[in-house]
Amino acid sequence: MAGVLKKDHWPCGIGCVQYSTRGSLASCHVRHAFDPLSPSAMIVRLLQPCGARLSILYTKILDVLAEIPKNAAYRKYTEQITNEKLAMVKAEPDVKKLEDQLQGGQLEEVILQAEHELSLARKMRDWKPWEPLVEEPPADQWKWPI
19 MAGVLKKDHW PCGIGCVQYS TRGSLASCHV RHAFDPLSPS AMIVRLLQPC
69 GARLSILYTK ILDVLAEIPK NAAYRKYTEQ ITNEKLAMVK AEPDVKKLED
119 QLQGGQLEEV ILQAEHELSL ARKMRDWKPW EPLVEEPPAD QWKWPI
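Reminder that position 146 of the sequence shown reads as 164 in the working numbering, one-by-one numbering, no gaps.
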């Protein structure tokens, strides 16, 4: 049985849809309601369309990456991937089509991945792995067996 797209009845309205298959409803808002969040964070997620949430997260990731040197491998590749995904989010209002384009599962999973990437980007900015080591590593560090 093919799925049926229905207009979302949540207050945010814009761009939110529910995808119904075999009598089960699934939407960004319904599935997010089961995340272990504080009440205020849950309300923000419930009232924010998934595409808007992704757009905000990708923009935040790009802002953090801008603070990392341009020659750092992490910045170069993460910035490229994030820009591609942000372009998809801005171009595609249909949730199901966007999920297919991003190839990361349901939008809630993609949002979770973006949140984790934002967290990692902030840590990488603080860790500064592109800087030289404080001390030289032992000569046999990568030899195995010793």
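Cβ atoms here follow ideal geometry from the backbone N, Cα and C, with glycine treated the same way.
From residue i to residue j, what does the alpha carbon distance come to, in whole angstroms?
i: LYS114; j: LEU75; result: 19 Å
i: ALA132; j: LEU72; result: 7 Å
i: LEU104; j: SER137; result: 17 Å
i: ASP144; j: GLN121; result: 30 Å
i: LYS78; j: GLN159; result: 37 Å
i: VAL128; j: PRO111; result: 15 Å
i: TYR95; j: PRO163; result: 33 Å
i: LYS88; j: LYS161; result: 32 Å
i: PRO150; j: ALA139; result: 19 Å
i: GLY123; j: HIS134; result: 15 Å
i: ASP118; j: VAL82; result: 27 Å
i: ALA84; j: ARG93; result: 8 Å
i: ASP153; j: LEU116; result: Contrary to the premise, residue 153 reads as Glu rather than Asp in this sequence. Rounded to the nearest angstrom, the two C-alpha atoms are 47 Å apart.
i: PRO156; j: TRP148; result: 19 Å
i: ARG49; j: ALA109; result: Per-residue confidence for ARG49 stands at a pLDDT of 46, beneath the threshold of 50, marking its modelled position as unreliable; the derived number appears in the next sentence. Straight-line Cα distance between these residues: approximately 24 Å.
Is residue j closer than 8 Å to residue i when the C-beta atoms are compared?
i: VAL99; j: MET142; result: For clarity, residue 99 is Ile in the given sequence; the question names Val instead. For ILE99 and MET142, no; Cβs fall outside 8 Å.
i: CYS68; j: LEU125; result: yes
i: LEU80; j: GLU97; result: yes
Among the options, whose alpha-carbon lies nearest the alpha-carbon of residue i?
i: ALA91; options: LYS146, ASP118, THR77 and GLU110; result: LYS146
i: GLU107; options: ARG93, ALA70 and HIS134; result: Correcting the residue type first, residue 107 is Val in the shown sequence and not Glu. For the residues ARG93, ALA70 and HIS134, the minimum Cα distance to VAL107 belongs to ALA70.
Comparing the C-beta of residue i with each C-beta of chain B, is any distance below 8 Å?
i: TRP160; result: The structure shown contains no chain B; it is built from a single protein chain.
At 4 residues or longer, what runs of the alpha helix (DSSP H) sit wholly inside the region 68-102?
Segments of the alpha helix (DSSP H) lying fully in the region 68-102: 68-83.
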